[in-house]
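Visitor:
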Amino acid sequence: MTEAMLYLDHAADTPVRPEVIVAMTRLQEAGVGNASSVHGPGRAARGALEEARERVAGVLGAAPREIVFTSGGTEADNMAVLGRWRASRRGVVVSAVEHSAVRGPAAAAAREGAPLTILAVDESGRVDLGALDEALREEPGVVSVMWGNNETGTLQPVAEIGRRCAAAGAAFHTDAVQAVGHVPVRVDEARCSLLSLSAHKFGGPPGAGALFLRDGTEIEPLLSGGGQERGLRAGTSNVVAAAGLATALDLAVGQLETEAARLGTLRDRLQARLQAELPDLRVHGADADRLPHILNVGLDGVPADVLIASLDVAGLAVSSGAACHSGGGEPSHVLMAMGRFSDAVARFSLGWSTTEEDVDRGAALFLDVLDRARAAIA
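For the sequence shown, counting from 1, position 14 maps to 20 in this note's numbering; every step adds exactly one.
#1: Can you tell me whether DSSP reads GLY136 as helix, strand or coil?
#2: What separation, rounded to the nearest whole angstrom, lies between the Cα atoms of GLU145 and PRO309?
#3: Give the straight-line distance between the Cα atoms of ASP256 and ALA116, rounded to the nearest whole angstrom.
#4: With 16 other CB atoms within 10 Å as the buried threshold, where does TRP34 fall?
#5: Out of ARG380, GLY110, GLY187, which one is the CA nearest neighbour of ASP349?
#6: By the DSSP assignment, the alpha helix (DSSP H) with SER94 in it spans what residues?
#7: What's the call for MET11, buried or exposed, on a 16-neighbour Cβ count within 10 Å?
#8: Report the partner residues of GLY159 according to the DSSP bridge assignment.
#9: Is it the case that the Cβ atoms of VAL127 and VAL103 are separated by a distance below 8 angstroms?
#10: Spatial neighbours of VAL87 within its chain, please: CB distance less than 8 angstroms, with the 5 preceding and 5 following residues excluded, ordered by chain position.
#11: Per the contact definition of three or more C-beta pairs closer than 8 angstroms, is the region 293-307 in contact with the region 160-168?
#12: Kindly provide the ranges of any alpha helix (DSSP H) runs that are 4 or more residues long and lie completely inside the region 257-305, ordered along the chain.
#13: To the nearest angstrom, report how far apart HIS331 and ILE167 are at their CA atoms.
#14: Buried or exposed: which applies to GLU72, given that a residue is buried once 16 or more other Cβ atoms fall within 10 Å of its Cβ?
#15: Is DSSP giving HIS179 helix, strand or coil here?
#16: Round the Cβ separation of SER355 and ILE300 to the nearest angstrom and send it over; I've been treating them as touching at under 8 angstroms.
#17: Can you grab the Cα-Cα spacing for the pair PHE347 / SER338, in whole Å?
#18: Going by Cα to Cα distance, which pick from ARG169, THR31, ARG32 is closest to SER199?
#19: Could you have a look at PRO24 and say whether DSSP puts it in helix, strand or coil?
#20: Which residues share a DSSP beta bridge with ALA216?
#21: Tell me the DSSP secondary structure of ALA329 in three-state form.
#22: For ARG197 and THR271, what's the separation of their Cα atoms in angstroms?
#23: Return the residue from the list HIS45, ASP19, GLU56 that minimises the CA-CA distance to VAL245.
#24: Which residue comes first and which comes last in the alpha helix (DSSP H) that contains LEU371?
#25: Identify the residues that DSSP records as bridge partners of VAL189: which are they?
#26: Could you check what DSSP says for ALA17 in three-state terms: helix, strand or coil?
#27: Could you check where the beta strand (DSSP E) with VAL149 kicks off and where it finishes?
#28: Report the option in ASP15, PHE208, LEU373 whose CA atom is closest to the CA atom of GLU25.
#29: Need the endpoints of the beta strand (DSSP E) that LEU125 sits in, please.
#30: Of the residues GLU283, VAL303, ALA278, which one's Cα is nearest the Cα of VAL289?
#31: Taking 6 angstroms as the limit between beta carbons, can you name the residues of its chain near PRO227, skipping five residues before and five after?
#32: Leaving out the 5 sequence neighbours to the left and right, which residues in its chain are closer than 8 angstroms to LEU125 when beta-carbon positions are compared?
#33: If you draw a straight line from the alpha carbon of ARG143 to that of ALA370, how long is it in whole angstroms?
#34: Quick check on the DSSP output: the beta strand (DSSP E) that includes ARG353 runs from which residue to which?
#35: Counting along the chain, where does the beta strand (DSSP E) carrying SER101 start and finish?
#36: Taking C-beta to C-beta, are LEU251 and ALA58 nearer than 8 angstroms?
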């Protein structure tokens, strides 16, 4: 991204916090060894790794032994869904609005013979709890429902879902990749057996994630090799990345209350400015509790690919998600499940570096580009 580009796509990737860069650089410059080695540098690396594990566990309300470091949210989701299916050989239940990192392993489990149930959602993207109760009667091995949606920001009633899963004896996994650092996330309150997070969503380094695996919940490892991460995730430990994740998590959660309020105010400011000029604007998930940093809007009268390409040329980076095929684009399974259809969809997402000036400039750019795009095809 160039200096002139206005970046409002933090749900895809958010810049690494300066404090995280400092912490990772210091550790790297100290000469990190292999955490599996028994010599001095190896023991130092092991100490740094376990310190990071303790910090992550403390934030989530978990025991350190329940934290498994991964390469990111996708690996954590795969371990939770596919690993749990292979260990239990019982059914898999996922919501219709899950990220592809959950949908993919759920489909893989189905190819291996797992009974797969897709839970319907309402127009705001919230899971049908009646459908969940019906699915739980089949005694599935794992139920996966994301904490907050990556496209619309819709928050699920994770505590209630966790309670129902616990009563039915089903392991509950929640993809909390978008939620961690933006809303309070505690594994005891959610009553989850598994939880995924990814550092690059809250100011940490890309390629660093973690899976909370509650004691007593069995999964089959997806990688074979060494005995790293209690034999659950083979491969040389990325100590620097783990330390960066822990540092970013401490910062994000330490500022969560004020930052969530700030981002929610900015999101509402952006939404109000767009609605004032666009009476036909659809705000997806507006009737539900949402993550504070995500705004997803739908529009008619302009193809999705034209709008997003024009925004990019104008210097505004946002994400798209077309609810119907347009210019060869793939439909958004999330909006399709919600019954929301628009020619074009734009997802704005804010982060720790977003300012009020950014939001105002983003609204102005969006409105200008939309006017010109509609005029060009009129």
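Beta carbons: idealized from backbone N, C-alpha and C, even for Gly.
Guide: With the given structure in hand:
#1: helix
#2: 44 angstroms
#3: 38 angstroms
#4: Per the sequence shown, the amino acid found at residue 34 is Gln instead of Trp. Exposed, because fewer than 16 other Cβ atoms sit within 10 Å of the Cβ of GLN34.
#5: ARG380
#6: 79-94
#7: exposed
#8: According to DSSP, GLY159 bridges with nothing at all.
#9: yes
#10: VAL98, VAL100, VAL108, PRO111, ALA112, ALA115, VAL148, SER150, HIS179
#11: yes
#12: 262-283
#13: With a pLDDT of 37 at HIS331, under the threshold of 50, the modelled position of this residue cannot be trusted, and the question is left open.
#14: buried
#15: strand
#16: 5 angstroms
#17: 9 angstroms
#18: ARG169
#19: helix
#20: PHE75, LEU203
#21: Since pLDDT at ALA329 reaches only 37, below the 50 mark, its modelled position is unreliable, and the value read off the structure follows with that caveat. Coil.
#22: 30 angstroms
#23: GLU56
#24: 362-383
#25: VAL186
#26: coil
#27: 148-150
#28: PHE208
#29: 122-125
#30: VAL303
#31: LEU238
#32: VAL99, VAL100, SER101, ALA102, VAL133, ASP134, ALA137, LEU138, ALA141, VAL151
#33: 51 angstroms
#34: 350-355
#35: 98-101
#36: yes
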